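Engineer: Residue numbers (this note's numbering), protein chains in the order written: chain E, 13 to 316; chain P, 13 to 316; chain D, 13 to 316; chain G, 13 to 316.
Submitted below is the structure of interest, expressed as structure tokens.
4 protein chains.
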Amino acid sequence: MNYQQIIRNVYSDILQKENKGKVPDYIPEIACIDESKFGVNFTDLDLNTFGCGDFEEKFSIQSISKVFALSFVYEKLGEKLWERVDVEPSGNAFNSLIQLEADHGIPRNPFINAGALVICDILLEISENPKEELLHFIRDLSEDHQIFFNEKVASSEMENSFRNAAMCNFMKSFGNIKNQPDAVIELYCHLCSIEMTCKQLSNSFLYLANGGKKPSSNKQFLSYSKAKRINAILLTCGFYDESGEFSFLVGLPGKSGVGGGIVAILPQKYCIAVWSPRLNEKGNSYRGMKFLEEFTTQTGESIF
Amino acid sequence: MNYQQIIRNVYSDILQKENKGKVPDYIPEIACIDESKFGVNFTDLDLNTFGCGDFEEKFSIQSISKVFALSFVYEKLGEKLWERVDVEPSGNAFNSLIQLEADHGIPRNPFINAGALVICDILLEISENPKEELLHFIRDLSEDHQIFFNEKVASSEMENSFRNAAMCNFMKSFGNIKNQPDAVIELYCHLCSIEMTCKQLSNSFLYLANGGKKPSSNKQFLSYSKAKRINAILLTCGFYDESGEFSFLVGLPGKSGVGGGIVAILPQKYCIAVWSPRLNEKGNSYRGMKFLEEFTTQTGESIF
Amino acid sequence: MNYQQIIRNVYSDILQKENKGKVPDYIPEIACIDESKFGVNFTDLDLNTFGCGDFEEKFSIQSISKVFALSFVYEKLGEKLWERVDVEPSGNAFNSLIQLEADHGIPRNPFINAGALVICDILLEISENPKEELLHFIRDLSEDHQIFFNEKVASSEMENSFRNAAMCNFMKSFGNIKNQPDAVIELYCHLCSIEMTCKQLSNSFLYLANGGKKPSSNKQFLSYSKAKRINAILLTCGFYDESGEFSFLVGLPGKSGVGGGIVAILPQKYCIAVWSPRLNEKGNSYRGMKFLEEFTTQTGESIF
Amino acid sequence: MNYQQIIRNVYSDILQKENKGKVPDYIPEIACIDESKFGVNFTDLDLNTFGCGDFEEKFSIQSISKVFALSFVYEKLGEKLWERVDVEPSGNAFNSLIQLEADHGIPRNPFINAGALVICDILLEISENPKEELLHFIRDLSEDHQIFFNEKVASSEMENSFRNAAMCNFMKSFGNIKNQPDAVIELYCHLCSIEMTCKQLSNSFLYLANGGKKPSSNKQFLSYSKAKRINAILLTCGFYDESGEFSFLVGLPGKSGVGGGIVAILPQKYCIAVWSPRLNEKGNSYRGMKFLEEFTTQTGESIF
């Protein structure tokens with residue numbers, strides 16, 4: 013399979029088509045981004061890697077970082093983690109409080125905001141310096157020390173986090189948040205503010221394509237079974253209320269962020285990262301979705 | 013991989029453990045089944061096949077037949093099918109009307125009851141003799157003419173289908189049912205009443221493990237892309253509100269029925285069918301779920 | 013209090029102002045009504061009566077007839093009626109199925125469609141000829157034999173009653189409908205099709221202003237306590253999701269219908285009926301609401 | 013009407029019957045109250061007043077104070093108040109977030125917690141010293157300076173106000189809270205902590221029975237129309253999800269609090285306050301409800 017050729021072709025096709033969707037306006041640092049940015053990077057398990065367009069430019073990975081946080085916490089806690097967060101698709105908009113009420117404060121999965129807040133709460137319980145440890149973990153996964161929080165983005169998000177504060181207080185009323193809501197939200201907003209390039213992303217996510225082990229170093233970051241299970245949750249829950257659609261059209265486990273990034277994984281084969289800031293109605297990158305749909309159509313490869 | 017040995021071991025392990033859950037009581041023909049029945053059948057793409065326990069005994073496949081109906085209609089209508097039914101997990105109990113109201117009569121996916129009713133409605137539109145044509149299609153897939161509706165089961169279900177009648181009328185009020193509700197429900201109840209053995213099921217579902225083509229005859233029942241997409245929907249929506257859990261624990265596309273049957277598929281490899289009548293709280297076979305979880309744990313193979 | 017003068021003044025004020033809202037289009041016989049129709053009739057307990065505008069023209073009273081049906085059934089069954097229907101405001105649109113699901117098939121009150129369907133179901137249980145008996149009851153209340161079902165309207169509604177059929181089947185799945193859904197809906201649609209004038213309405217509802225007794229004949233149609241309690245339900249539930257607003261602005265128990273009629277009652281004093289076909293967003297007569305708000309503002313009289 | 017005799021009889025009847033329900037346990041100062049406390053006080057517009065049992069003992073009036081806060085804010089803001097809070101019954105449990113999501117942050121009415129939080133937010137906007145001004149207003153209404161916040165109760169509630177914090181942040185995300193959530197909750201918890209006796213309550217609420225004017229001083233605290241409208245909201249929304257039931261059984265505008273108090277008003281006649289700490293399932297005083305039902309049954313007087 014000549015992945016490089018297919019990626020180049022699909023990239024230039026998409027580039028010529030209209031760029032639709034909207035850049036979210038509630039985070040000033042993201043709202044002012046150049047909407048024409050478009051980058052793709054592919055890395056396979058043999059560490060062959062190459063990119064197109066803006067693949068070496070950093071952007072706000074936002075919810076993509078929830079996968080790192082989940083991996084970190086899951087490896088430490090094991091299966092008892094699932095007493096505090098479920099693994100079912102939400103069937104509702106990503107920030108809905110309705111399902112939390114019906115489920116007595118247990119979020120449907122770790123990738124909706126409520127679930128990621130619980131993961132952050134656990135991080136605060138198990139770590140002395142959660143921000144530092146988490147950043148360290150991500151740098152290790154990426155084998156790259158040039159990964160940072162963007163404090164401006166984190167501050168912006170903290171100032172606009174009333175809905176997250178609502179969810180956090182709501183879950184605390186059910187006993188499913190142990191720390192002070194403010195501390196949980198501060199960590200959550202930092203988590204979302206991490207900036208990476210497509211290249212860094214496609215490299216750092218290789219552990220999920222390889223049973224939890226980084227192919228470069230053979231270091232096992234996550235057990236084989238846990239890596240599989242995170243892929244399973246990514247497939248059913250990685251794209252909010254568009255997870256079924258992504259599974260249907262693309263057929264790969266993946267995760268999107270409101271910064272316009274998407275990471276997708278073909279287990280045993282490769283990891284691919286795409287970035288384009290304009291989002292479709294469901295909050296996923298318009299061009300990112302189009303690119304990945306066309307890419308898996310042309311390769312004919314998916315998990316199905 | 014010695015599948016046969018693994019299946020034997022897992023089968024006898026599960027058999028020795030407590031059999032939990034309940035047989036549903038609303039269909040007399042199913043309520044009086046022997047609760048200790050337990051069968052498994054495995055068939056790979058090279059047509060190696062073998063079974064354990066009650067693998068040659070017929071049972072009511074119930075919702076598993078929704079996959080056949082979807083395949084039949086999808087191949088005929090193509091992608092415009094998705095104007096009338098979505099491909100998103102429901103995030104709610106399988107017979108809920110709430111989401112239908114929010115989504116203006118468009119069911120979340122073709123495997124919840126509302127979605128299967130829409131598929132039946134389409135069948136009535138595109139076929140002169142939908143019951144006969146559908147049965148013919150399933151017999152072709154199975155290469156076995158000994159597959160029938162159970163008229164007693166169909167009648168029982170018709171007498172207890174007030175909730176399905178509610179959904180059917182509700183969708184008709186939104187314009188998403190074209191035929192008379194009674195006719196739709198009559199076809200739906202027949203569809204659910206089909207009886208097959210584990211052996212027949214694991215053989216007939218091979219087309220989904222093989223890109224739409226039966227490996228025995230090379231007959232293409234469904235296009236490659238459509239077969240992949242049905243697998244994708246099975247993964248996200250095949251087990252009602254336990255789809256995430258099945259994806260997490262088993263990691264295969266599959267479909268369950270309230271008759272206690274489950275079919276699961278490892279694309280490019282095999283198809284496996286399990287039957288045990290007692291259901292867990294979410295309405296899926298208790299032993300069937302346990303068997304498949306343990307089976308994929310021991311083989312180490314899943315789509316992730 | 014010179015009611016006649018106030019009514020004349022308010023009537024001519026409202027007539028000069030813009031007539032807003034929409035005539036519902038799902039019942040052809042109602043859709044083609046002259047939108048400028050506007051009638052008012054007032055009758056007090058001393059049987060002083062007078063009207064303005066189209067007060068002697070018949071119109072489809074629609075849901076207003078639910079009050080008659082409730083009175084008939086309540087007097088026969090007594091308080092055990094409330095085992096099958098509640099007395100709480102619905103807090104949702106008038107035809108929602110969501111609350112029915114949460115409340116296991118028990119409608120929130122007898123004036124939402126679901127509740128009126130239960131009342132019709134009970135009528136079928138307790139009466140040999142429910143249509144005839146009900147009509148007889150209403151004629152008695154009105155002391156007027158010129159009250160009829162409109163068979164055309166009833167037929168139209170039956171052809172468009174998929175949502176009511178959904179609710180009826182849904183409640184039957186919970187065991188709260190005893191008869192065949194078709195029979196219940198047939199009676200319900202006839203009930204809605206009754207035609208009366210403002211004059212007939214304001215006269216017939218006097219029993220609710222007078223503790224259950226018709227002031228003309230002193231015939232007790234309903235016990236004192238039951239009449240009070242129907243007024244209480246009218247106040248909290250008579251205007252669908254605008255009941256609080258009507259209570260707030262008008263301050264009288266009352267009932268509206270999609271035919272554009274409204275009846276309101278000041279206990280111990282009078283009954284007033286208004287008719288104007290265009291409905292506001294909540295489904296209540298636009299001019300009817302305006303008239304009654306201004307009328308009670310000018311009289312300074314309400315139950316509060 | 014010999015109210016005094018009726019009250020004595022009903023009081024002793026209720027006292028002899030079993031005392032059911034539960035004292036809420038989430039506020040330590042309320043949880044440790046003597047469950048057998050039972051007081052009633054009646055005051056008419058001629059200032060005849062008398063009480064039974066523990067009518068001169070102070071208790072935590074909790075949500076009853078929402079009526080004072082609403083009166084204060086409504087008189088200052090006028091009808092534009094209703095841009096930020098609606099007047100419809102909620103049809104859901106008193107602390108539900110679901111309806112807030114559907115209504116974009118506008119609470120259904122000023123007596124559910126969300127609505128009272130908005131009233132407190134407005135108080136913070138229009139007053140320099142809202143706690144002092146509010147207390148002053150209530151003392152004026154009561155003509156009694158011995159009314160105070162209970163700081164211990166306020167502190168307890170602040171420590172357990174995660175659900176209120178959730179609602180406050182949620183409404184702020186919709187722009188319907190202008191101040192810091194912490195400040196709003198601090199005021200809200202103080203409002204709830206006010207302590208009064210049945211005697212003080214029945215006296216202070218006379219303004220609502222008298223068109224906004226205190227009968228003792230003829231001081232107009234609230235315009236005639238606004239007093240009527242508050243009565244209307246009390247009738248439809250004063251008892252959470254039991255408002256329909258209270259209207260049905262008692263037939264008076266009123267307000268309950270989780271401290272076990274209930275105030276009810278017969279316009280143009282009297283005001284009555286009852287206190288008994290054990291609450292029924294809907295969160296209203298068990299004996300208080302029973303007393304008022306029996307009282308209006310025996311007097312035969314209600315607004316209907």
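Just so it is clear, CB atoms sit at the ideal spot from N, CA and C, and this is done for glycine as well.
Since the structure is predicted, the reported quantities are computational estimates derived from the model, not experimental observations.
Along the beta strand (DSSP E) that carries serine 268 of chain E, what are the first and last residues, could you check?
Structural biologist: As a position in the first sequence, residue 268 of chain E is number 256, starting the count at 1. Start and end: 266-268.
Engineer: Quick one: Cα of glutamate 100 of chain P to Cα of asparagine 121 of chain P, how far?
Structural biologist: Working through the second sequence from its first residue, we reach residue 100 of chain P at position 88. Working through the second sequence from its first residue, we reach residue 121 of chain P at position 109. Taking the straight line joining both Cα atoms gives about 6 Å.
Engineer: Between the C-alpha atoms of asparagine 138 of chain D and alanine 81 of chain D, what's the straight-line distance to the nearest angstrom?
Structural biologist: Counted from its first residue, the third sequence places residue 138 of chain D at position 126. Counted from its first residue, the third sequence places residue 81 of chain D at position 69. Residue identity differs from the one stated: residue 138 of chain D is isoleucine in this sequence, not asparagine. The straight-line gap from Cα to Cα measures roughly 12 Å.
Engineer: Using only CA atoms, which one of E/Val22, E/Leu278, E/Asp156 and E/Val85 lies nearest to valine 52 of chain E?
Structural biologist: For this step, residue 52 of chain E is matched to residue 40 along the first sequence. Closest by alpha carbon: E/Val22.
Engineer: Do alanine 276 of chain P and cysteine 210 of chain P have their C-beta atoms closer together than 8 Å?
Structural biologist: The residue you call residue 276 of chain P lines up with position 264 of the second sequence. The residue you call residue 210 of chain P lines up with position 198 of the second sequence. No. Outside cutoff.
Engineer: Under 7 Å Cβ to Cβ from glutamate 68 of chain G, same chain only, skipping five residues before and after it: list those, please.
Structural biologist: Within the fourth sequence, residue 68 of chain G is the residue found at index 56, counting from 1. So the qualifying residues of the chain are Thr209 and Lys211.
Engineer: With H, G and I counted as helix, E and B as strand and the rest as coil, what does DSSP make of lysine 49 of chain P?
Structural biologist: Here residue 49 of chain P refers to the residue found at position 37 when the second sequence is read from its first residue. It is coil, neither helix nor strand.
Engineer: What do you get for methionine 13 of chain G, buried or exposed, if any count of 16 or more other CB atoms within 10 angstroms of its CB means buried?
Structural biologist: The residue you call residue 13 of chain G lines up with position 1 of the fourth sequence. With fewer than 16 Cβ atoms within 10 Å of its Cβ, methionine 13 of chain G is classed as exposed.
Engineer: With DSSP run on the structure shown, which of helix, strand or coil describes serine 235 of chain E?
Structural biologist: Here the question's residue 235 of chain E lines up with position 223 in the first sequence. Of the three classes helix, strand and coil, the one that applies to serine 235 of chain E here is coil, per DSSP.
Engineer: Given a threshold of 16 other Cβ atoms within 10 Å of its Cβ, counted over all protein chains shown, does alanine 114 of chain E qualify as buried or as exposed?
Structural biologist: Looking up residue 114 of chain E in the first sequence gives position 102. Label assigned to alanine 114 of chain E: exposed.
Engineer: Here's a check: name, in chain order, each residue in its chain whose Cβ is nearer than 7 Å to the Cβ of serine 228 of chain E, leaving out the five neighbours to either side.
Structural biologist: Stepping through the first sequence from its first residue, residue 228 of chain E is reached at position 216. Cβ neighbours of serine 228 of chain E beyond the five flanking positions: Leu59 and Glu155.
Engineer: DSSP on tyrosine 282 of chain E, reduced to helix/strand/coil?
Structural biologist: The residue labelled residue 282 of chain E in the question sits at position 270 within the first sequence. Strand.
Engineer: Beta carbon of valine 97 of chain D: closer than 7 Å to some heavy atom of the ligand SAM?
Structural biologist: The ligand content of the structure shown is nil, which means the ligand SAM is not present either.
Engineer: Taking just the CA atoms, how far does cysteine 201 of chain P sit from serine 167 of chain D?
Structural biologist: For the purposes of this step, residue 167 of chain D is taken as residue 155 along the third sequence, with counting starting at 1. For the purposes of this step, residue 201 of chain P is taken as residue 189 along the second sequence, with counting starting at 1. Distance between the alpha carbons of serine 167 of chain D and cysteine 201 of chain P is about 30 Å.
Engineer: Under three-state DSSP, which class holds glycine 337 of chain D?
Structural biologist: Here chain D has residues from 13 to 316 only, and residue 337 of chain D is not among them.
Engineer: Along the region 239-253 of chain D, what residues have a CB closer than 9 Å to any CB found in chain G?
Structural biologist: From the region 239-253 of chain D, only Ala239, Lys240, Arg241, Ile242, Asn243, Ala244, Ile245, Leu246, Leu247, Thr248, Cys249 and Asp253 have a Cβ closer than 9 Å to chain G.
Engineer: Put cysteine 2 of chain D into one of helix, strand or coil per three-state DSSP.
Structural biologist: As shown, chain D starts at 13 and ends at 316. That puts residue 2 of chain D outside it, with no answer to give.
Engineer: The region 116-133 of chain D: which residues have C-beta closer than 9 Å to a C-beta of chain G, in chain order?
Structural biologist: Answer set for the region 116-133 of chain D: Arg120 and Asn121.
Engineer: By the DSSP assignment, the alpha helix (DSSP H) with glycine 295 of chain P in it spans what residues?
Structural biologist: Here the question's residue 295 of chain P lines up with position 283 in the second sequence. Unbroken run through glycine 295 of chain P: none, as it is neither H nor E.
Engineer: So, do the region 37-52 of chain G and the region 238-245 of chain G have three or more beta carbon pairs nearer to each other than 8 Å?
Structural biologist: They do not touch, by the three-pair rule.
Engineer: What residue does the alpha helix (DSSP H) around phenylalanine 149 of chain D start on, and which one ends it?
Structural biologist: The count along the third sequence starts at 1 and reaches residue 149 of chain D at position 137. Segment 142-154, the alpha helix (DSSP H) holding phenylalanine 149 of chain D.
Engineer: If you compare alpha carbons, which of D/Leu220, D/Gln111 and D/Asn172 is closest to proline 40 of chain D?
Structural biologist: Mapped onto the third sequence, residue 40 of chain D falls at position 28. The shortest C-alpha separation from proline 40 of chain D is found at D/Asn172.
Engineer: Could you tell me whether the Cβ atoms of isoleucine 26 of chain D and lysine 267 of chain D are closer together than 8 Å?
Structural biologist: Along the third sequence, read from residue 1 onward, the residue named residue 26 of chain D stands at position 14. Along the third sequence, read from residue 1 onward, the residue named residue 267 of chain D stands at position 255. Result no, Cβ atoms of isoleucine 26 of chain D and lysine 267 of chain D do not sit closer than 8 Å.
Engineer: Label asparagine 141 of chain G either buried or exposed according to how many other C-beta atoms from any shown protein chain fall within 10 Å of its C-beta, with 16 as the threshold for buried.
Structural biologist: In the fourth sequence, residue 141 of chain G corresponds to position 129, counting from 1. Exposed is the call here.
Engineer: Kindly indicate which residue of P/Ala43, P/Lys78 and P/Ser102 has the alpha-carbon position closest to the one of isoleucine 150 of chain P.
Structural biologist: One-based indexing of the second sequence puts residue 150 of chain P at position 138. Taking only the C-alpha atoms, the option nearest isoleucine 150 of chain P is P/Lys78.
Engineer: Whole angstroms is fine: what's the gap from histidine 157 of chain E's alpha carbon to glutamate 145 of chain E's?
Structural biologist: Locating residue 157 of chain E in the first sequence gives position 145, where the first residue counts as 1. Locating residue 145 of chain E in the first sequence gives position 133, where the first residue counts as 1. Cα to Cα, the separation comes out at about 13 Å.
Engineer: Kindly give me the distance between the Cβ atoms of glutamate 169 of chain D and cysteine 204 of chain D, rounded to whole angstroms, as I take these residues to be in contact under 8 Å.
Structural biologist: Within the third sequence, the letter at position 157 stands for residue 169 of chain D. Within the third sequence, the letter at position 192 stands for residue 204 of chain D. Between cysteine 204 of chain D and glutamate 169 of chain D the Cβ distance is about 6 Å, and since that is below 8 Å, they are a contact.
Engineer: Between the Cα of serine 288 of chain E and those of E/Lys281, E/Ile274 and E/Ser216, spot the shortest distance and give me the residue it belongs to.
Structural biologist: For the purposes of this step, residue 288 of chain E is taken as residue 276 along the first sequence, with counting starting at 1. Closest by alpha carbon: E/Ile274.
Engineer: Please confirm if serine 228 of chain E has its CB atom under 8 Å from at least one CB of chain G.
Structural biologist: Here residue 228 of chain E refers to the residue found at position 216 of the first sequence. Answer no: the Cβ-Cβ gap between serine 228 of chain E and chain G never drops below 8 Å.
Engineer: Give the DSSP-derived three-state secondary structure of valine 275 of chain D in the structure shown.
Structural biologist: Taking the third sequence and counting its residues from 1, the one referred to as residue 275 of chain D is at position 263. Strand, per DSSP.
Engineer: From P/Cys180, P/Ser237 and P/Glu254, pick the residue whose C-alpha is nearest to that of phenylalanine 316 of chain E; which is it?
Structural biologist: Counting from 1 along the first sequence, the entry for residue 316 of chain E is found at position 304. Checking every option, the nearest Cα to that of phenylalanine 316 of chain E belongs to P/Ser237.
Engineer: How many Å lie between leucine 112 of chain D and tryptophan 94 of chain D at the Cα?
Structural biologist: Counting from 1 along the third sequence, the entry for residue 112 of chain D is found at position 100. Counting from 1 along the third sequence, the entry for residue 94 of chain D is found at position 82. Roughly 15 Å between the two C-alpha positions.
Engineer: Starting from methionine 208 of chain E, follow its DSSP beta bridges and name the residues at the other end.
Structural biologist: Position 196 of the first sequence, counting from 1, holds the residue named residue 208 of chain E. Answer is E/Phe71, bridged to methionine 208 of chain E.
Engineer: Given this structure, state the Cα-to-Cα distance separating glycine 271 of chain P from phenylalanine 258 of chain P, to the nearest angstrom.
Structural biologist: Within the second sequence, residue 271 of chain P is the residue found at index 259, counting from 1. Within the second sequence, residue 258 of chain P is the residue found at index 246, counting from 1. Cα to Cα, the separation comes out at about 18 Å.
Engineer: Quick check on DSSP: helix, strand or coil for phenylalanine 251 of chain D?
Structural biologist: Reading the third sequence from its first residue, position 239 is the one you call residue 251 of chain D. Three-state result, phenylalanine 251 of chain D: coil.
Engineer: So that I know if they touch, is there some Cβ in chain P lying closer than 8 Å to that of glutamine 111 of chain E?
Structural biologist: By 1-based counting over the first sequence, the position of residue 111 of chain E is 99. It does; some Cβ of chain P falls within 8 Å.
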